Structure formats: C-alpha cells, structure tokens
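Comments concern the structure below.
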Ligand SMILES: Nc1nc2c(ncn2[C@@H]2O[C@H](COP(=O)(O)OP(=O)(O)O)[C@@H](O)[C@H]2O)c(=O)[nH]1
Ligand code: SF4
C-alpha cells in the first residue's frame, strides 16, 4: 500500500502567517504547471517500486497551496493519469484541501463528480478579526455555509483546520470555537498552534510588537481544553494535532506517521519509500523547467538504520497507537541507555507501556518532541 | 668572550617586539629574506594567535662590526605575568636588555615590572622608541617617561621602526658598544644556568642554558644542582633558525647553548637550575633558583566519565613539555573522577585547556578556579592546612581562621579611568597603596588585594571599565587572614560540590544572587522545575527557579516535516551529550565556570 500527494502551489492571496510554497500569480503558467505535475507522475513511477512490486495506491491527497482553485478538468486529468499508471484499490481515500471561498455549489458538485470523497477545509478561525489580520480570502459566514452545503451535497468525510494560540484569543473564546466546530458535525479536525515562522508578515509584526501571540501557558491551556472537549464529543485525538470520530482518521496523513510509502509530486513535495526521503525543488518556475528538461528537480537522502529508528520513534509516538518496540528493535537493537530513558519516562507517567506497545500519556503528548529526542539513538 | 653579547627584549604586548626581532635576524643574516617567516620567534600556533610568546627561546646571531666578528645571543622573554619567574631567569642570563616602547602608546605596567627586574640584575638598558613611523607617535612625551623611569639621557634613546627598518643598525651598534661582554672564568669548574627548556617529541627535553664559568663539552657527565640528577651531555650546541639546533663540541663561559641528554620528563629540568660537571663540580649553584609554585587551582574533568584514563594520559603528555603544570587525581560527587590542577595563573589555565582540546582532542569540564588557602584549626592554631579545593575546607566550627594569598597589583592607565578602576579594585577588596602620575595623563596605581579576586573576572572587568587602556601586573605578597565563607550551590536541593567557592562574607549575598541568576540562564529547562540555591552552611542566601520544560504544543508533522524535525531533535540530543548529569539535573559544561561570567 502507498499514497500519492499532489502539491498545488497556488493561492489567491498570501496569508500573513504562512510560509508554505505557493504563488498568487499562477495564471500565466497554470497549464504548464499541471502538465509538469502530470509528467512527474509518470517519471517518478519507479520510486515506489522498491520491493520489486508496485504497491497499490490507497490514498490520494491534493494539498497546497489551495487545490480548490483547480477546476474539474484539471483534477480529472491528474486522477486519470494516476489510475493509468498505478494500481489503485477500490474506493481509495481521495482528499482535497479547500478554502471556504472556493466552495460554491458547482465546485462542490464538480469535485464530488470527479471522485473527491474527502474535503479538508481551511477554516482556521470563526472570528472575523482573526481572518482579517491573517489576510484570509474568506469570511466566517462563508465557513459555515460551505460546510452545510458540502454536507447537503453528500460529503460524509469532512475535515476542518483550526488555529489556536491566536492573538487576544481568550480561553472562553477558544472554547466557543471548539464548540462551534463540534456543532458543525464534521468528522475530522486538525488543530494547530499558531507558529510565528520566519519571513512572514506575522513575524515582522511580532518583532515590532504590533501583535503579540499567546504565551506558553495560554497555548497549552487551549491545547488541553481542545483535547478534553473534543473527546467528550466523541472526537478522539489519534495524533498530536489530529482528531476524528471513530474510524474516520485521515488515512493519507496517517501514512506519514505509520511509515507507509508515499510519492509526492509538484513543487516542494516530499516522498518516502522506506529507504529514502526525497524533496522536490520549491520554486514553481524552476520546477517546471527542470521537469521539462528532465534535469534534477529533487534531492534524495538515504536513511541509515539509525535515521529509521529515530523517525519511527518521532512519528510513532505522535500517534495514539504509539510505537511497537519489537518493530523498533528490528531496525536496531537499542542500547541499555534507551531502556533506562524509557523507564524514566514511564516513571514520570509520560509514557505507558502495554506489552510491546509504548504510547504517550496526556502529559506526555504535551512534550512529544522532547520525549522523542531523548529516546533518539 | 669579549666578542659575545647576551641580551633580551622587554616590551609590552603589541609594542613590536617580534617585528623588531625579525629585523635584527634579517640584518645580521641569521635568517634570509626568503626564510623570513613573519614573527620568527613565535613558533607555536597558539602563541601566534594570542600574540604572546609563551615559551622563551634563544637565537644566536653573527655580526661583523668595525672589522670584528661578534656573537649576539638574543634571549626571548615571555610577556605575561603568569610567567614572571621564567622572565626573571631569562633576564638573569643576560647582560643587557632592549627596552622597546611603542612611541604611540607609552609605557605599560608589564614593561615596568620587567624593567625593574632587569635593573635589579644590573642589566644595561637600551631604550628604543618603536613604531616611529606611526603618525600618532609621541616621541617627546614617551621619551620623558623613559628618562623618568631609567634615568638615561635623551640621546641614549634610539628612535626605531620595525616596519621601516629605521634604527636597526643603531640598535645593533648599541648592543655591541653599550652592553658589557660577559664576565666569567673559562678555567673554573662548570657553572651554567638553565633559563628555559622545551620538549621535542623525538629528542626529549632540550634545555637552554647560559654558561657562567667553565666549559661544557660534548659527552661530559653533568649534574643538575637542585634536582641532584646526573646525565650524559649527548649533544650540545647553539641555537639558530632553520634548523634551530647547531651541534658543537663545546660551549664556553659567556655563551648560550642547548643540551640534550635523554631526559624525558619536563619536571626533571627546572628553570633556574645550575648545570655543573659530576666530577669537578662548582661549589655553589647560581642564585635565584625557585621551585615555581602554582597560584591558581581548578578541577579538570573529562566530559565523558569514561575518558578519565585518556585525560590522565593527555595531561601527562602535556606535563612533558610544561613543567609548571601540576595535577593530582581528585573526585567530585558531581563530576566523578578528574584532576585538581595547579596553574601559574589564569592565562596558563586557559592555555592548558586549549591545548587539551587542540592537541589531544579532549573536551574537558573546568571547574571554578580558586587560590590556595590556609586553614588553621582551633585544636592546634599552629597547625596549617593547605586547602586547594573549596569543597575540602574543614567545618567552620573547628576552624580558628583562614588566610588567603594577597598580591601587590600595579595598574597603569589614563587619568580619566582612575575613578572607575578604583571603584573596581575596591569592590574587589583592594586597598590603594600608591598613586603616581607618570605623565600628565598616565597614572600608576598600586593596590594590595586578594589574589582570589583576580581569578574572578578581574581582567575582563578591568578591560571594560578602562576601554582597554589599562595594563596590569602583580606579584604575590604573602598570606593574610580573611573573613571567608564557603558558599555552596544547590541544584534541585542537592549540593553540587564542583560549584562551591570561598568568598568574602561581605560579598556572599550579592555573589550568591548573581550566581543563581547566571545558572538559571545557563542550565536548560528540564522535565521538572529546578530550584537553584546558594547557601552558606545550612542558610539559603539566594534562590532562583528554572522552570520546567515548555510544552511543545505547536508541533505538527506531515510528510514534508519529518526529515527536518528528525534532524532538529537529533541536534538537541547531541547538545545534551556534552552535559553532565548531577543528581537528576543535566548541567552544561560552561555552567561550572558560571562564576567567572557574572558580568556578561
Ligand atoms: N606602524 C608600525 N607597526 C608596527 C611596527 N612594529 C610592529 N608593528 C605592528 O604592531 C603589531 C604588533 O607587533 P608585534 O611585533 O607582533 O608585537 P609584539 O606583541 O610586541 O611581539 C603588529 O600588527 C605589527 O604589524 C612599527 O614599527 N610600525
Ligand atoms: S491559503 Fe494556505 S497555503 Fe495559501 S497562503 Fe493561506 S495558509 Fe498559506
């Protein structure tokens, strides 16, 4: 089994906190970009073919950027090409990331018609003031409407993105936001803490003290409230920043944490096949050129056993199912210091162990990175 | 003998000693222009970088003057106060000294103390105004300072420039005409003074000496007076450049040379010792010999406890060519097994630490340096206990008193900084003893103060309050009783012995507070909250808290983030490997020296 990720590097306008790779002036080369992505799908076909059999594709994911800017024909072209070149299971999970402002009835119907069966909607916040400083292209009202529309049309697997730790977001307001999300009756929620990334407008404002983001205590308060509140509503945390109703986890995203292979096409997309990770050049024009000339458009790193060990820990601990020690030790038989550290974390009740399976406790989840790094080889 | 001249150079760092020495070597043809490596006298990497001649060397030049052939022995002297005993021995091997003063800077403290040493040894002083090519040169003013100091005549001062070559011939002429030829009796029993030694990995220890009386011949059986050991003079010779060793069959009274006799350990060759012949020895040794004693002590520990044996090996190797380094094993509850080391001073300590890293690839933890204290017990007030490690101080209730070493410190600075320097010295428990205006705006201040205060960040503070316009020199003046208390540091309620220090009672509160703050800054957050406390006995005098690790809620991690995140976390992990676990707390190396950085 494996997944395919398609990166659509276009956005209507630039959000002030975002450091993703995309372009707002994509009209001129839109067709060329789609063509390049299609070429890459064919060119990279062998990448997943490591165990001398082509793995079956179980998930397809349009990410970005803003894939909801694509039209029906473009999506169909890409999906058909994937079908021609890869073996695909019946009823694969096909996700499309969408911004509320793009989701008209027509578009929603079009997407459904070409096979999109899961939407990941970039809501971010229900507060108008947030959407303003973020320079989002949608209003809070559009958010509610598009979700209701999508549900009416028959989408039964919808995910929304939320951001906490926002400037001036009180705990009460955050609770309200979470409640609103629950009331929307979506199947999946991804929630992120606002990070101030370098080279963004937000960073500049924070440096100039024009905006102040939440402090550590507020951030963790909001995070903890989120986990609790969603759990009561039967939406469970299955990964550090991902929550879903039972059996409605994102299959595609789970492959990142479970070590399932994936091929990523499009500028800046990453791929993984068990032995190597590779990442495409991030610049749109250079990407198109490199594909056209068939020169080098991605870099590759081969993973050592130690890298694999560390990655499995890093990603596995983020998941509710945790890390299977017997699987981990198959990569490398860990030294004594590993079990000493592990016991330490079990004693501080940050990790629980059931047979061969170790998972983070609630407190542990608040320090996932630290714990992983401590357990690294 | 009448055609030999032995001389050294006295100069403050950067006043141009090396450049001028190079000129002398060039003019006398000792070194060809092609061979002319910049600053030929400094040949250790470390020395060049620091611009300090750590180890003295000697070079022989041949020079024809008015139809006569002369042998000129230039004996180099180290320029730092840590090595003042070595300087004194180099001076004792000469009859004359070039006093080099930067005409744009004037006289500095270091110059004065070495100059006094030279005058004490009756050396003929040849004053030189260097860097005359600089537009900022102030010949009249600086000449006045020189005349004041040594009582020479205006015309005795030679204007020179190592850069343009101005005055170099005059200097050579003065060396020949003004410096007296050595006196000595070739027929008397051999009496030669060791003024330096170096370690050569292939030949063992090479000792440099100056013959006072008699003749040393290749193959002679020699005895070192103070150590009482005897050796075979396997090889003797004179010192030049490229190659530096020129074997000879004999070295006669008045001349300077080297001896190789299969000695492997630097501590067998003591600077200042007298070489004589086993049969027909001289009656007495040459005056002035001292067994140099370390002034500053600190613990040196391997970062990784498993490297203890390797550290021992490295230190033993270092000791082979640095006899002033002393060490003995010690153990610390916090740091495990390591060594308590004695150094000549703070610079010497830094050099050792750097050499361990560079030459042996040994990263070490150095603990807060301290001086050597005397503790007198109540039971028997004459019973003196030497305390080289604060954590070994006996319980105060059983102690009658503590004494600590004092120094006389000389600071030369511009008059505008006098106020700031006085404040600093008084804060450092110094007492002003004398204040002399050398010129209208150059002042010499003399303080008496505890040596321990020099060890704590004194140099850096002095530099900053004077904007670099202060030179400093000191010499020990004995022990004095002091109201000292042992200040302990507790991390997570556990005492960390390696962080204990002896401090003056009046200062303890302030210091404790600053130290706690500094440790809070240097120790990274950990899984739990860590109280940082300073205590005297059972009494807590200061407290800070290192908050528990922040919760990393921001983490998101999709396909494209995994690699980057893994590398980031691996780097964090790597950083922690260099830390020391004490109790449950992980402490980075530099925290053990926190007390030295309180004002950063
Ligand atoms: N202008 C000028 N600069 C000099 C002269 N002699 C030395 N210097 C410079 O002063 C600095 C210190 O010289 P150096 O010989 O290393 O001094 P040392 O520390 O006393 O050995 C170097 O940057 C030299 O280039 C001189 O006569 N004139
Ligand atoms: S729409 Fe998404 S990818 Fe585009 S700028 Fe906004 S946050 Fe970034």
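Residue numbers (the numbering used here), protein chains in the order written: chain D, 12 to 388; chain G, 856 to 1455.
For every residue, glycine included, the Cβ atom is placed at its ideal position computed from N, Cα and C.
Just so it is clear, the structure is predicted and the values come from calculations on it, not from any experiment.
Item, Value
"Residue of G:1134, G:1133, G:1178 minimising C-alpha distance to residue 1149 (chain G)", "G:1178"
"Environment of residue 340 (chain D) [buried if 16+ CB atoms lie within 10 Å]", "exposed"
"For residue 1309 (chain G), the first and last residue of its enclosing alpha helix (DSSP H)", "1306-1310"
"CB contact below 9 Å: residue 1405 (chain G) versus chain D", "yes"
"Through-space distance from residue 1193 (chain G) to residue 1350 (chain G), alpha-carbon basis", "18 Å"
"Distance, residue 1005 (chain G) Cα to residue 999 (chain G) Cα", "10 Å"
"The stretch 318-339 of chain D: positions lying closer than 8 Å to chain G by Cβ", "318, 321, 322, 325, 326, 329"
"Helix, strand or coil at residue 1347 (chain G) according to DSSP, with G and I counted as helix", "coil"
"Interface flag, residue 379 (chain D) vs chain G, CB-CB below 9 Å", "yes"
"Proximal residues of chain D, C-beta to C-beta of residue 1425 (chain G) below 7 Å", "321, 387"
"Members of the stretch 264-276 of chain D near chain G, C-beta cut-off 9 Å", "264, 266, 267, 268, 273, 275"
"Residues of its chain near residue 894 (chain G), where Cβ-Cβ distance is below 6 Å and the 5 sequence neighbours each way are ignored", "Confidence at residue 894 (chain G) is low in this model, with a pLDDT of 47, below 50, so the placement of that residue should be treated as unreliable; the coordinate-derived value is given next. Answer for residue 894 (chain G): 873, listed in chain order."
"Unbroken stretches of the beta strand (DSSP E), 3 residues or longer, contained in the stretch 1152-1240 of chain G", "1181-1187, 1191-1198, 1219-1221, 1228-1232"
"Per-residue burial, residue 197 (chain D) [other beta carbons within 10 Å of its own, 16 or more giving buried]", "buried"
"Proximal residues, the stretch 1089-1108 of chain G versus chain D, C-beta separation under 9 Å", "none"
"Under 7 Å by beta carbon: chain D residues contacting residue 1382 (chain G)", "359"
"CB contact below 9 Å: residue 1375 (chain G) versus chain D", "no"
"Proximity of residue 871 (chain G) and residue 1074 (chain G) at Cβ, strictly below 9 Å", "no"
"Cut-off 7 Å between Cβ atoms - residues of its own chain near residue 905 (chain G), not counting five sequence neighbours on either side", "Summary for residue 905 (chain G): the model assigns pLDDT 41, below 50, so the residue's position carries little reliability, and this model does not support an answer."
"Bridge partners - residue 335 (chain D), DSSP secondary structure assignment", "D:368"
"Contact with chain G by residue 288 (chain D), beta-carbon distance below 9 Å", "yes"
"Contacts of residue 803 (chain G) in chain D (Cβ-Cβ under 7 Å)", "With chain G covering only 856 through 1455, there is no way to say anything about residue 803 (chain G)."
"Cα-Cα separation between residue 381 (chain D) and residue 1217 (chain G), rounded to whole angstroms", "29 Å"
"Residues sharing a beta bridge with residue 872 (chain G), DSSP", "DSSP output for residue 872 (chain G) lists no bridge partner at all."
"CB-CB length for residue 1402 (chain G) against residue 1380 (chain G), believed under 8 Å", "6 Å"
"Cβ neighbours of residue 174 (chain D) in the same chain (closer than 7 Å, five flanking residues each side left out)", "135, 136, 203, 205"
"DSSP three-state assignment for residue 964 (chain G), whether helix, strand or coil", "helix"
"Whole-angstrom distance between residue 378 (chain D) and residue 1404 (chain G), CA atom to CA atom", "8 Å"
"Euclidean distance between Cα positions of residue 1103 (chain G) and residue 1093 (chain G)", "7 Å"
"Chain D contacts made by the stretch 1417-1445 of chain G, where a contact means CB separation under 7 Å", "1417, 1418, 1420, 1421, 1424, 1425, 1427, 1428"
"Neighbour flag for residue 122 (chain D) against chain G, beta carbons, 9 Å", "no"
"Option nearest residue 334 (chain D) by Cα separation, candidates D:317, D:314, D:371", "D:371"
"Residue 1377 (chain G) versus residue 1059 (chain G) - alpha carbon distance", "43 Å"
"Boundaries of the beta strand (DSSP E) in which residue 1360 (chain G) is found, first to last residue", "It is not in any beta strand (DSSP E) - residue 1360 (chain G) instead sits in the alpha helix (DSSP H) that spans 1360-1377."
"Interface positions of the stretch 229-261 of chain D facing chain G (Cβ-Cβ less than 7 Å), listed along the chain", "230, 231, 234, 251, 252"
"Short CB-CB distance (under 9 Å) between residue 911 (chain G) and chain D", "The predicted model places residue 911 (chain G) with a pLDDT of 42, which falls under 50 and marks its position as unreliable; any figure quoted below should be read in that light. Chain D, which has no Cβ nearer than 9 Å to the Cβ of residue 911 (chain G), makes this no."
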